Structure formats: structure tokens, C-alpha cells
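K.L.:
Dumping the structure here so I can ask a few things about it.
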Amino acid sequence: MTCLSNDNRFALVGVASTRNKEDALPSNNCGNNSTPPMSGFLLEKVFPVYAVGVSVPDPNLVVSLANSGRGVGDPIWDAVRQEAKSEAEKEPILSSYLYASILSHDCLERALGFVLANRLQNPTLLATQLMDIFCGVILHDRGMQRSIRMDIQAFKDRDPSCLSYCSALLYLKGYNTLQTHRVAHALWNQGRNVLALALQSRASEVFGVDIHPAAKMGEGILLDHATGVVIGETAVIGNRVSLMQGVTLGGTGKEVGDRHPKVGQGALIGAGATILGNIKVGEGAMIAAGSLVLKDVPPHSMVAGIPAKVIGYVEDQDPSLTMKHDASKEFFEQVACRFPAS
154 MTCLSNDNRF ALVGVASTRN KEDALPSNNC GNNSTPPMSG FLLEKVFPVY AVGVSVPDPN
214 LVVSLANSGR GVGDPIWDAV RQEAKSEAEK EPILSSYLYA SILSHDCLER ALGFVLANRL
274 QNPTLLATQL MDIFCGVILH DRGMQRSIRM DIQAFKDRDP SCLSYCSALL YLKGYNTLQT
334 HRVAHALWNQ GRNVLALALQ SRASEVFGVD IHPAAKMGEG ILLDHATGVV IGETAVIGNR
394 VSLMQGVTLG GTGKEVGDRH PKVGQGALIG AGATILGNIK VGEGAMIAAG SLVLKDVPPH
454 SMVAGIPAKV IGYVEDQDPS LTMKHDASKE FFEQVACRFP AS
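Numbered by this note's numbering, the letters in the sequence shown go through residues 154 to 495 in order.
Written out as C-alpha cells, the structure reads:
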């Protein structure tokens with residue numbers, strides 16, 4: 154399994170400082186139709202002939218991180234390709250799938266667009282149309298190019314069932330639905346609300362996750378399992394947040410305007426937790442599974458119960474990174490003394 158060194162991770166993060174300097178960007182190589190050569194690996198010996206349509210390159214595309222011309226490279230895309238080649242050798246029956254989804258593309262952006270388009274297509278919303286939509290947004294947005302990499306790194310680091318970057322891209326619906334939302338959110342901000350809602354609807358049908366296109370998401374987000382997650386229109390989620398399955402960030406009724414939770418960076422929200430109303434979940438807070446949260450949660454605190462109460466404080470700066478949902482026996486004994494059963 155290919156891993157990234159710390160140097161590569163810091164190099165990837167360092168590129169972000171250039172995201173708004175588009176005037177000085179070099180030409181983009183991501184639009185090239187040719188597939189980069191793979192030393193020591195002959196595609197024709199492993200993969201059958203597979204035709205993949207590629208749209209005409211756009212000379213105005215924002216350069217991808219993979220081809221920024223700053224000597225950084227794209228370690229995540231390199232890892233995805235290497236893992237795909239390795240998996241194709243182990244499972245030849247998947248060779249066509251891996252070639253079409255990953256190895257036929259020249260950058261992570263196009264591979265992601267292909268994967269999402271084929272997962273979300275239906276008889277009236279064609280994969281070719283969807284790929285044009287996804288690539289048209291992602292390839293023009295430097296910030297999104299960074300976010301899709303920070304997210305896939307989050308899945309690789311925090312989800313023990315995520316065996317590789319390749320598996321996150323191809324199989325984890327939490328990652329797929331998160332990237333679908335990023336594109337829908339960009340379309341929403343462009344005033345293309347109907348198209349954004351169409352993507353939301355398809356993602357809800359296919360992935361079982363409902364995220365309003367207007368909701369704001371940071372980067373380095375983990376939607377672990379993702380099934381049953383609901384995130385409302387005015388919700389805001391900070392960087393490095395981890396959400397388990399069945400989490401709801403909802404409103405409290407018929408109120409309009411700003412009516413959904415704001416989750417600070419580094420927070421960890423356990424399975425089945427429900428957070429309602431325009432309330433704040435502080436940075437580094439941890440919400441226990443099954444909790445009902447109706448008021449603000451202090452930073453670096455642990456809350457649990459229905460309704461949720463503060464039962465302790467979190468030692469980790471960002472519990473979302475350690476993913477520790479449990480606590481020591483002594484901790485639970487202290488909680489039992491502070492909150493005796495009635």
C-alpha cells in the first residue's frame with residue numbers, strides 16, 4: 154500500500170497559499186488527452202482495449218495541483234495510480250473498471266469526475282453530461298482541487314477500513330457524496346440552483362445522504378459510513394471535522410433564515426447524534442453517539458445524553474483526528490457520580 158511521507162503532506166498543504174494567485178499560473182497539463190507513461194508497466198498486457206470519451210481541453214482551465222509547475226508534484230494522484238495498477242494485477246476481472254476509472258485519466262480531477270458521473274447517472278441524466286458538469290467545475294476551482302485531496306487524506310488517515318486512496322475514490326460513498334456536494338455548492342453559488350438541487354437529489358437517492366447545496370463545508374472532512382447523514386441549508390462545518398453515520402444537523406421547525414448548526418474545526422460527532430437549531434459546536438468538541446444537542450457546546454468539551462449535557466473535556470486538540478469515541482473506566486465512574494440515575 155502506498156503511503157505519503159510527512160514531507161509530501163506538508164508540500165501539498167503549502168500549495169494552498171497559491172490558490173488565489175491565478176494570474177501567475179502556468180499552463181495546465183491536466184487537459185492533455187494523453188495518458189502519462191508508466192515505467193515498467195505495459196497497459197496492453199493487463200488491460201483490454203477500452204474507449205473513454207475525453208472532452209476538448211479548455212485553455213482557460215485553472216492549473217491542477219498535480220501540474221502546478223512548482224516542483225511539488227501530486228503525491229496523492231501518484232498513489233492512486235500506483236494502487237490501481239497493483240489492484241488490477243491482483244484482480245484482472247477489475248482491470249477494465251480500474252483502467253476506465255483511474256488509469257485512463259491524466260489527473261485526479263478527471264478521475265473523480267468520471268467516478269461520480271458513473272455512480273450518479275440515470276436514464277435521463279447521462280454520465281457524459283454529468284462528467285462535463287463535474288470536470289467543468291473542479292478543473293476551474295483551485296480551492297476545490299485542494300479540498301478533494303485534503304478530504305481523501307482524511308479518509309485514509311482516520312478510517313481504518315479505508316485500505317488505500319484508490320479505495321476511497323472508488324468505493325467510499327462518504328467521500329463520493331462529499332465531493333458531489335462540493336460541486337453542487339459551487340453551482341449554487343453561481344446561481345445555478347436547479348442544477349445544484351438535481352445533484353443533491355441524485356446523491357440522496359444513490360448514497361442515502363442529504364446535504365443541502367448551500368451548506369458550507371471546510372476541508373479535511375470525514376463522513377464515516379455516511380448513511381443517513383442530513384445537513385441543512387445554513388449549516389457550516391469547519392476544517393478537519395469527522396461525522397459518523399446517522400448525524401443530523403437540522404433546524405427546529407418552520408423558522409427561516411440562519412437556522413442550522415455551526416460546527417467548529419476538529420470536532421467529532423458520533424453516530425446518530427442530532428444537533429438542532431442555530432447553535433455552535435465549539436472547536437475540538439466531541440458529541441457522543443445518540444445525543445440530542447439543543448444548545449451551544451463549549452470548545453473541547455464532551456457532551457452526551459438527551460438532551461445533551463457536558464460530561465467532561467477532551468484531552469485531544471482535535472478529537473476528529475484521533476477518532477476516539479471511548480473513554481477510560483475512571484472517566485465513566487466520574488460521570489456516573491456527577492449525573493446519578495434518577
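Even glycine gets a Cβ: it sits at the ideal position worked out from N, Cα and C.
Note that the coordinates shown come from a computational prediction; the quantities given were computed from them, not determined experimentally.
#1: Buried or exposed for N502, going by 16 or more other Cβ atoms inside 10 Å?
#2: Compute the minimum distance between the beta carbon of H334 and the heavy atoms of the ligand MG, and state whether it is under 6 Å.
#3: Bridge partners for E375 per DSSP, in chain order?
#4: To test your reading of the DSSP string, which unbroken alpha helix (DSSP H) runs of 4 or more residues are found completely within the region 408-475?
#5: Looking only at C-alpha atoms, which of V450, G266, L445 sits nearest to I459?
#6: Please state whether the Cβ-Cβ distance between A420 and V394 is less than 7 Å.
#7: Could you name the residues of the same chain whose beta carbon sits closer than 6 Å to that of V336, not counting the 5 residues immediately before and after it, in chain order?
#8: According to the neighbour-count rule (16 or more other Cβ atoms, all chains shown, within 10 Å of its Cβ), is E244 buried or exposed?
#9: What do you reckon, are the CB atoms on D377 and D312 nearer than 7 Å?
#10: Taking R355 as the reference, give the member of E262, K369, L283, I390 with the closest Cα.
#11: Quick check on the DSSP output: the beta strand (DSSP E) that includes G403 runs from which residue to which?
#12: Determine whether the beta carbon atoms of H424 and A441 lie at a separation below 7 Å.
#13: Report back the beta-carbon spacing between G430 and T405 to the nearest angstrom; my notes put them in contact at under 8 Å.
#14: Looking at the unbroken alpha helix (DSSP H) that takes in E358, where does it start and where does it end?
#15: Please report how far the alpha carbon of C315 lies from the alpha carbon of R234, in whole angstroms.
#16: Work out the CA separation of G361 and R412 for me, nearest whole Å.
P.N.:
Result, derived from the coordinates:
#1: In the structure as shown, the chain begins at 154 and stops at 495. Residue 502 is therefore absent and cannot be evaluated.
#2: With respect to small molecules bound, the structure shown includes none, and the ligand MG cannot be examined in it.
#3: On the sequence shown, residue 375 is found 222 positions in, with the first residue counted as 1. The sequence shown places Leu at residue 375, rather than the Glu named in the question. Answer by DSSP bridge pairing, in chain order: S395.
#4: 472-475
#5: The sequence position of residue 459 within the sequence shown is 306, counting from 1. When each option's Cα is compared against that of I459, the closest is L445.
#6: Sequence index remark: in the sequence shown, residue 420 carries index 267 (1-based). Sequence index remark: in the sequence shown, residue 394 carries index 241 (1-based). Yes; because the gap between Cβ atoms is below 7 Å, this pair is in contact.
#7: Here residue 336 is taken as the residue at index 183 of the sequence shown, counted from 1. Result list for V336: F287, V290, in chain order.
#8: As a position in the sequence shown, residue 244 is number 91, starting the count at 1. So E244 ends up on the exposed side.
#9: Position 224 of the sequence shown holds residue 377. Position 159 of the sequence shown holds residue 312. Yes. Within cutoff.
#10: Your numbering for residue 355 matches position 202 in the sequence shown. It is L283 whose Cα lies nearest to the Cα of R355.
#11: The sequence position of residue 403 within the sequence shown is 250, counting from 1. G403 -> beta strand (DSSP E) spans 401-403.
#12: Numbered from 1 along the sequence shown, position 271 holds the residue referred to as residue 424. Numbered from 1 along the sequence shown, position 288 holds the residue referred to as residue 441. According to the sequence shown, residue 424 is Ala rather than His. Not a contact, by the Cβ cut-off of 7 Å.
#13: Numbered from its first residue, the sequence shown carries residue 430 at position 277. Numbered from its first residue, the sequence shown carries residue 405 at position 252. With 8 Å as the limit, G430 and T405 qualify as a contact, their Cβ atoms being about 5 Å apart.
#14: Taking the sequence shown and counting its residues from 1, one reaches residue 358 at position 205. First-last of the alpha helix (DSSP H) with E358: 346-360.
#15: Along the sequence shown, read from residue 1 onward, the residue named residue 315 stands at position 162. Along the sequence shown, read from residue 1 onward, the residue named residue 234 stands at position 81. Their backbone Cα atoms lie some 16 Å apart in a straight line.
#16: Within the sequence shown, numbered from 1, the residue matching residue 412 stands at position 259. Within the sequence shown, numbered from 1, the residue matching residue 361 stands at position 208. Taking the straight line from one Cα to the other gives about 23 Å.
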